[in-house]
Every structure is written in C-alpha cells, then in structure tokens.
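Here the sequence shown stands for residues 2 to 157, where the numbers follow my numbering.
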Amino acid sequence: MMDLRIGLGFDSHEFEAGKKLILGGVEIKYEYGLKGHSDGDALLHAITDAILGAIGEKDIGEIFKDTDPRWKNAPSSIFLKEALELMKDKGFKIVNLDCTIIVDKPKIAPYKDEIKKNLSQFIGISKDRISIKGKRREGFCKDNGLICMCVVLLVK
Ligand code: MG
2 MMDLRIGLGF DSHEFEAGKK LILGGVEIKY EYGLKGHSDG DALLHAITDA
52 ILGAIGEKDI GEIFKDTDPR WKNAPSSIFL KEALELMKDK GFKIVNLDCT
102 IIVDKPKIAP YKDEIKKNLS QFIGISKDRI SIKGKRREGF CKDNGLICMC
152 VVLLVK
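Next up, the structure:
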C-alpha cells in the first residue's frame, strides 16, 4: 500500500505600510506589505505548515519562534527549506500542492505563473503539480490583510 500523507496550512497576515509584499517568494507591486517578524510571506508560511502537518511535525510557530532574532526580516524560504528537509529525512516527496490566496487587492492572477515557477524551482517539482488560486473576500472579514491556505499531498 502507498504511504500517503495530507497536510493543511493556513496563515493570515495584516497589511503594513513601508514593507514589500512578498508571496511565494515573488515580489508583488502593492502599497502595503505583510506585517510579521519575518518577511511576512504568508503563502510560504501556509505551504511550510502544510508540509510540517503532513509529516506530523511541530508547526511553523513552534519551530521558528517569532521572538527569535535570527528570523527578524528573514526570507520565509528558510522555513520552507527546513520543512522540505524534515520531509525528505522521513522519506517523503510532494505529490502536489494546492494553494488559495484570499484577498481583494492586489489582484493575484497576474502573478500566479511567476509564483508557480518560483515554487517549482525552489521545491523541485514540476509546475503542473502546483496550483495557485486567487479569491476575493466577497465582503467577508476586514479588508486589512490577506489569508493563504494550502493543501499538500505527500507520498513515501
Ligand atoms: Mg505567518
């Protein structure tokens, strides 16, 4: 029998003026960035947590404490790299990633392909195993930040 694992990641960050908006390691032109101890890349945080969840590890906040000065303004690719290493140590690889970014502005569609390309190179899986979807809030929640969700499937 195939050893499959599924993981779910969720992250929400408030907008903050004077910071670059980075999602999936890609800079997005917008007047606000995301508040956070690191670079605030909520998409990478959600993907990292999905992988950690799938392999039954501690969550991103437990492994990378937001009080640790080492992670101050750190690129979130550090967190994803660590999760991928833990995953490989346990003998798993990614089957696919499905991500949703919930935000009204900025529009995600023009950046989807670049985000997929960046993730595909960083993670080492083909682009057709990665999905990035942009969804508007449709009036739900306050319009002062964004939410990222990710489901990942792993196989041993
Ligand atoms: Mg976060």
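Positions of the beta carbon are idealized from the N, C-alpha and C atoms, including for glycine. Small disclaimer: the values here were computed from a predicted structure and weren't measured.
Measuring alpha carbon to alpha carbon, tell me which residue in the options is nearest residue i.
i             : options                       : result
threonine 101 : Lys20, Ala84, Cys149          : Cys149
leucine 98    : Asp67, Ala18, Pro76, Lys134   : Lys134
glycine 26    : Phe16, Asn145, His46          : His46
aspartate 105 : Lys82, Asp144, Asn119, Leu87  : Asp144
proline 70    : Gly37, Gln122, Ile48          : Gly37
glycine 140   : Tyr112, Gly62, Ile103, Ile48  : Ile103
aspartate 90  : Arg137, Leu53, Ile126, Asn119 : Leu53
lysine 108    : Leu147, Gly10, Glu17, Met2    : Leu147
Can you list, in chain order, the residues of its chain with a C-beta nearer than 7 Å to that of residue i? Leave out the 5 residues immediately preceding and following it.
i            : result
glycine 92   : Lys157
serine 39    : Trp72, Asn74, Ala75, Ser77
glutamate 58 : Leu87
Would residue i and residue j be called neighbours here (beta carbons separated by less than 7 Å)?
i           : j                : result
glycine 19  : alanine 51       : no
valine 153  : alanine 55       : yes
tyrosine 31 : leucine 24       : no
tyrosine 33 : phenylalanine 16 : yes
Kindly indicate which three-state DSSP category residue i falls into: helix, strand or coil?
i            : result
aspartate 12 : strand
alanine 110  : helix
glycine 54   : helix
serine 132   : strand
glycine 62   : helix
arginine 71  : helix
aspartate 99 : strand
lysine 118   : helix
Just to confirm my understanding: we take residue i, look at its own chain, exclude 5 residues before and 5 after, and list those with CB closer than 6 Å. What are they?
i         : result
valine 96 : Leu154, Val156
What I want to know is whether the C-beta of residue i ends up closer than 6 Å to one or more non-hydrogen atoms of the ligand SAM.
i           : result
glycine 135 : Absence of the ligand SAM is noted for the structure shown, with the ligand MG being the only ligands found.
Closer than 5 Å from C-beta to any heavy atom of the ligand MG: which residues, in chain order?
-> Asp12, His46
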